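Written below as structure tokens is the structure these notes are about.
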Amino acid sequence: MQKIYCSANNCSHNKENICFANRINVVGKNSDIESDTCCGSFLDRYTYGNLTNNVYDEGDPCSCLVCKVNSCKYNENQLCSLNSINVSGNDAKLYSQTNCESFCRE
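Those letters in the sequence shown? Residues 1 to 106, by full-length UniProt numbering.
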């Protein structure tokens, strides 16, 4: 099972809703709600191209979830403790237009 289900279809790391970045950074330091969070690793496919074939030869999905959201209850020493997360951002053009849907305030 993939660690990240991602609906940011415009992201260079996204292939069929699976993230293929080597790691992602969820940011939004002291967020109160999920819309205050975002995927800092988002890269617009139209600017950066499709990177899913360049990241890993084996095609391994992302498994490293760095969490810089201090107010999230799943943040354990800046790593996400969840087995998987959902990232939204359909039609996003900037990383700030994405959200970590799995965010839960402490």
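From the three backbone atoms N, C-alpha and C, an ideal C-beta is built for every residue, glycine too.
Keep in mind the model is a prediction, meaning the values are calculated, not measured.
- Along the segment 27-80, the beta strand (DSSP E) occurs as fully enclosed runs of 3 or more residues at 65-67, listed in sequence order.
- Here S12 carries a coil assignment [DSSP, helix/strand/coil].
- For Y95, DSSP records no beta bridge to any residue.
- Here the segment 37-52 lies against the segment 89-105, with 3 or more beta-carbon pairs under 8 Å apart.
- The three-state secondary structure of N22, taken from DSSP, is coil.
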